[in-house]
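Q: Residue 158 is where the sequence shown starts when you use my numbering, and the numbers rise one by one after that.
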Amino acid sequence: MFDSGNEGNNENVPLLIDHLSPTTEYDSTEPRREEVYMDQGREESAHLHEEICVEPTQPATNAPNSVVQTGPSVTCRVCSTTIIIGEKSNQHVVKCTQCQEATPIRAAPPGKKYVRCPCNCLLLCRAASNRIACPRRNCQRVITLSATQPPGASIRAPAGTQRVNCGHCDGEFVFNTMNNTAAKCPHCKKVSSVGEPYAHNRALLSAVISIIAVLFGIGFLLGTLLLVKRSWIFYALWVIPFVISSLFFIRFLYYKRMKISYVIGPY
């Protein structure tokens with residue numbers, strides 16, 4: 158549901174209201190049914206958790222294998238599930254029943270543009286906006302928008318952006334595999350390794366450091382065994398290498414037990 162001119166007073170409005178018709182005014186006292194928000198209207202947010210750069214999102218086109226009997230359909234831009242439009246063709250966005258995220262089916266209103274946060278929240282902001290904040294409480298990223306391409310030009314996802322199958326819940330989400338970090342699924346909120354190399358390399362590095370710390374601790378202990386009677390501080394120095402070794406061994410177990418998520422294909 159788009160606001161009808163009261164942008165300055167009520168811009169934090171969900172785009173999808175399941176129980177209202179497209180022509181009904183939105184009541185701000187109603188509970189929010191979908192976490193798809195209008196632009197907050199501020200260029201800087203107080204919640205500077207993470208600053209990222211994304212490109213505007215284009216409306217989805219009809220699915221290539223749409224069945225005439227079921228009416229027009231589109232493919233969800235988050236999980237690739239087919240969404241039956243039905244009587245929602247006059248809306249700007251539709252809600253996916255699988256991942257509960259929104260997919261635009263019509264062009265944004267004049268002076269507006271769609272932006273999808275990496276947490277998959279679909280935002281509607283001013284076309285001139287360069288920086289917006291994601292309103293989701295568990296995200297709150299500050300998004301730096303890339304330069305808008307000319308009308309009709311295809312907008313590509315950043316290099317390395319892939320669709321990933323979560324190793325915990327089997328849900329699909331989008332992740333940039335060029336980021337050498339673990340992936341957090343937006344559905345189950347659990348962390349996994351995209352592909353085996355990340356977890357394997359971290360586990361191997363932790364194991365090597367743990368072994369080196371143990372060997373150093375044993376050598377240091379044997380080398381200062383005769384000096385311990387002169388000062389009690391050697392007891393504390395003996396403990397430090399073994400504490401470091403224990404911490405890296407716990408880290409080794411963490412990466413060794415980390416679930417593996419697999420790449421399905423490009424986004």
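No residue lacks a Cβ here, since even glycine has one placed at the ideal position from N, Cα and C.
Note that the coordinates shown come from a computational prediction; the quantities given were computed from them, not determined experimentally.
For the beta strand (DSSP E) that ASN333 lies in, which residues bound it at each end?
A: Segment 329-333, the beta strand (DSSP E) holding ASN333.
Q: Could you give the DSSP three-state label for ARG288: helix, strand or coil?
A: Strand, per DSSP.
Q: Mind checking which residues open and close the alpha helix (DSSP H) that includes LEU396?
A: The question names Leu, yet the displayed sequence has Val at residue 396. Here the alpha helix (DSSP H) through VAL396 covers 390-413.
Q: Using a 10 Å radius around the Cβ and a threshold of 16 neighbouring Cβ atoms, would you call ILE397 buried or exposed?
A: Result: exposed.
Q: First and last residue of the alpha helix (DSSP H) that includes VAL272?
A: Not the alpha helix (DSSP H): VAL272 falls in the beta strand (DSSP E), residues 269-273.
Q: Considering only residues of the same chain and omitting the five flanking positions on each side of LEU383, which have a CB-CB separation below 8 Å?
A: Around LEU383: no qualifying Cβ.
Q: Determine the contact status of SER349 and LYS416, defining contact as a CB-CB distance below 8 Å.
A: For SER349 and LYS416, yes; Cβs fall inside 8 Å.
Q: In whole angstroms, give me the CA-to-CA distance for THR301 and VAL272.
A: For THR301 and VAL272, the distance between alpha carbons rounds to 10 Å.
Q: Going residue by residue through the region 236-266, where are the continuous beta strand (DSSP E) segments of at least 3 residues, counting only ones entirely within it?
A: Here the runs fully enclosed are 239-241, 250-252, 259-261.
Q: Could you tell me whether the Cβ atoms of CYS296 and LEU280 are closer together than 8 Å?
A: Not a contact, by the Cβ cut-off of 8 Å.
Q: Where do the ends of the alpha helix (DSSP H) carrying VAL365 lie?
A: Here the alpha helix (DSSP H) through VAL365 covers 353-380.
Q: Have a look at GLU329, ILE262, PRO275 and flag the residue whose alpha-carbon is nearest the alpha-carbon of ASN336.
A: Cα-wise, what sits closest to ASN336 is PRO275.
Q: Please classify VAL235: is it buried, with 16 or more other beta-carbons within 10 angstroms of its beta-carbon, or exposed?
A: With 16 or more Cβ atoms within 10 Å of its Cβ, VAL235 is classed as buried.
Q: Going by DSSP, which residues form a beta bridge with LEU280?
A: DSSP, once it has assigned bridges, lists VAL272 as partnering LEU280.
Q: Per DSSP, which one or two residues make a beta bridge with VAL348?
A: Paired residue(s): LYS341.
Q: CYS233 to GLY243, Cα distance in whole Å?
A: Straight-line Cα distance between these residues: approximately 15 Å.
Q: Is any heavy atom of the ligand FMN found at a distance shorter than 7 Å from the C-beta of ARG283?
A: For the structure depicted, the ligand FMN is absent and the ligand set is empty, with no information on it obtainable.
Q: SER237 and ARG320 - do their beta-carbons sit closer together than 8 Å?
A: Yes.
Q: Along the chain, where does the beta strand (DSSP E) containing ARG320 start, and where does it finish?
A: Unbroken beta strand (DSSP E) run through ARG320: 318-322.
Q: How about THR381 and PHE391: are their beta carbons less than 8 Å apart?
A: Yes. Within cutoff.
Q: Quick check: what's the CA-CA separation for ARG414 versus ALA339?
A: Between ARG414 and ALA339, the C-alpha separation is close to 13 Å.
Q: In terms of residues, what are the limits of the beta strand (DSSP E) holding VAL299?
A: VAL299 -> beta strand (DSSP E) spans 299-302.
Q: Strictly under 8 Å for the Cβ-Cβ distance: is LEU279 near chain C by that measure?
A: Of the protein chains in the structure, only one exists, and it is not chain C.
Q: Please classify PRO423 as buried or exposed, where buried requires at least 16 neighbouring CB atoms within 10 angstroms.
A: When all chains shown are included, PRO423 counts as exposed.
Q: For ARG294 and ARG263, I'd like the C-alpha separation in whole angstroms.
A: Straight-line Cα distance between these residues: approximately 27 Å.
Q: Is the beta carbon of HIS344 less than 8 Å from the beta carbon of GLY328?
A: Their beta carbons are under 8 Å apart, which means HIS344 touches GLY328 by this criterion.
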